[in-house]
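Numbering (the working numbering), first residue to last: 1 to 384.
Note that CB positions come from ideal geometry on N, CA and C, so glycine has one too.
These notes are about the structure you will find just below.
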Ligand code: ACO
């Protein structure tokens, strides 16, 4: 292509990278499907285990398939002592997402045959990662709080076990549903930044662990998965519900971004955020904890103000990360674990995309448009 005809698509906006049957996002109408199933249906009727199976295998499981898959996840929940040692060494010095990334980097040392790159071996790795990442995140949380690590409980579901291993309390029915809902809603979301970086790494034929490490790293930033922690920090900075409007108006006047709002693809209400918002409103009527009540009220008032200020005029609506913070806080999940929890759920989306891409792999190698000078005269260092 002639250099003068180059179009630069900043942030790869509007660029399609592959065909997929995993996820469809209708950004104009605020709709989302995993493998053709509307997210609202999966949120109401399904479980994380079933959704993980759906994403990895391409169809909803039969009862027998689900039982086998669930048992496999349960049997893989434990992590080697060396992983706990990494957590113990780094927990005071690194953000939990960075510790999670480091632990996943170390997992290949426990893979008995890294040379086996067959589809079966890779699927096995994806299942192991899905099973172990919540355990790692819960362990990081326990170390950060100076509490002893707990063994996984085989009688609890995937997400309820995570909450148990983090808090030391078996979640009640409502908390179990809520954490499972959050795992389902975070499991997959098309070619977002972290999935894309998983694919970029995978497209070099690097291994599953390397690709997932890339995903975890990319998720960390506040423009992507780190937005949930940043949004809660903002709510904490607002402090009192009556400060909400002034805080947001001042932030917007100072050209600051309100974390948890806006999306590259959704120009309507993020359907995941809508589901979480509905839970949040019913939760608000039940909670008696004044700290949680305040956070919920701040979130709801901020949403209302943003709708008037930006949503309807500029298409900047709440995304899933905005409402996650108050709910996670109510479930006693510390804010610096929000992004690692997201990663522990999204790992099925990352790996499912990776396997789909590998079926027709091509190295990602985009171009950049050189705008510097050429053929400069080299001046020896002592003459510059
Ligand atoms: N608050 C205020 N203004 C915003 C926000 C926001 N949250 N998001 C976008 N805008 C404004 C920008 O300032 C810009 O305004 P301008 O045209 O007057 O300069 C316009 O909207 C377009 O912004 P871009 O950054 O070009 O839009 P892009 O599609 O690249 O951004 C993004 C998407 C990064 C998510 C952005 O909306 C944002 O920064 N949001 C806050 C962070 C966040 O919540 N991220 C989580 C996304 S969901 C997820 O990853 C799980």
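Return the Cβ separation of residue i and residue j in integer angstroms, given the expectation that the two are a contact with Cβ distance under 8 Å.
i: residue 34; j: residue 55; result: 6 Å
i: residue 336; j: residue 96; result: 5 Å
i: residue 349; j: residue 231; result: Not a contact, Cβ separation roughly 21 Å.
i: residue 14; j: residue 268; result: Contact flag wrong, Cβ pair sits at about 17 Å.
i: residue 32; j: residue 301; result: In fact, because the Cβ distance is near 26 Å, the residues do not count as touching under 8 Å.
i: residue 212; j: residue 41; result: With a Cβ gap of about 28 Å, residue 212 and residue 41 do not count as contacting.
i: residue 61; j: residue 69; result: 6 Å
i: residue 50; j: residue 66; result: 6 Å
i: residue 157; j: residue 47; result: 7 Å
i: residue 122; j: residue 355; result: 6 Å
i: residue 58; j: residue 21; result: 7 Å
i: residue 327; j: residue 280; result: 6 Å
i: residue 172; j: residue 114; result: The pair is not a contact, with the Cβ atoms about 42 Å apart (cut-off 8 Å).
Count the other CB atoms within 10 Å of the CB of residue i; is the residue buried (16 or more) or exposed (fewer)?
i: residue 353; result: buried
i: residue 441; result: The first residue shown for the chain is 1 and the last is 384, placing residue 441 beyond what the model contains.
i: residue 200; result: buried
i: residue 225; result: buried
i: residue 104; result: buried
i: residue 8; result: exposed
i: residue 181; result: buried
i: residue 379; result: exposed
i: residue 258; result: buried
i: residue 227; result: buried
i: residue 5; result: exposed
i: residue 152; result: buried
i: residue 93; result: exposed
i: residue 178; result: buried
i: residue 371; result: exposed
i: residue 229; result: buried
i: residue 385; result: What the structure shows of the chain is the stretch from 1 to 384, and residue 385 is not part of that stretch, so it cannot be assessed.
i: residue 289; result: exposed
i: residue 192; result: buried
i: residue 112; result: exposed
i: residue 381; result: exposed
Kindly identify the DSSP beta-bridge partner or partners of residue i.
i: residue 209; result: According to DSSP, which records beta bridges pairwise, residue 209 is partnered with nothing at all.
i: residue 283; result: Paired residue(s): none; residue 283 is not in a bridge.
i: residue 23; result: 34
i: residue 261; result: 318
What do you reckon, are the CB atoms on residue i and residue j nearer than 7 Å?
i: residue 303; j: residue 167; result: no
i: residue 323; j: residue 299; result: yes
i: residue 99; j: residue 140; result: yes
i: residue 241; j: residue 309; result: no
i: residue 209; j: residue 108; result: yes
i: residue 190; j: residue 23; result: yes
i: residue 218; j: residue 197; result: yes
i: residue 275; j: residue 330; result: no
i: residue 245; j: residue 296; result: no
i: residue 341; j: residue 137; result: yes
i: residue 18; j: residue 357; result: yes
Is the beta carbon of residue i within less than 6 Å of some heavy atom of the ligand FMN?
i: residue 183; result: As presented, the structure is devoid of the ligand FMN, carrying the ligand ACO as its sole ligands.
Using a Cβ distance threshold of 8 Å, determine whether the region 186 to 200 contacts the region 149 to 165, with at least three qualifying pairs required. no
Spell out a yes or no on whether the region 246 to 263 and the region 308 to 323 are touching, meaning 3 or more CB-CB pairs, one atom from each, closer than 8 Å. yes
Taking contact to mean 3 or more Cβ pairs, one atom from each stretch, closer than 8 Å, check whether the region 144 to 154 and the region 239 to 256 are in contact. no
I want to know whether the region 44 to 55 touches the region 281 to 291 - three or more CB-CB distances under 8 Å. no
So, does the region 130 to 137 touch the region 63 to 83, judging by three or more C-beta pairs under 8 Å? yes
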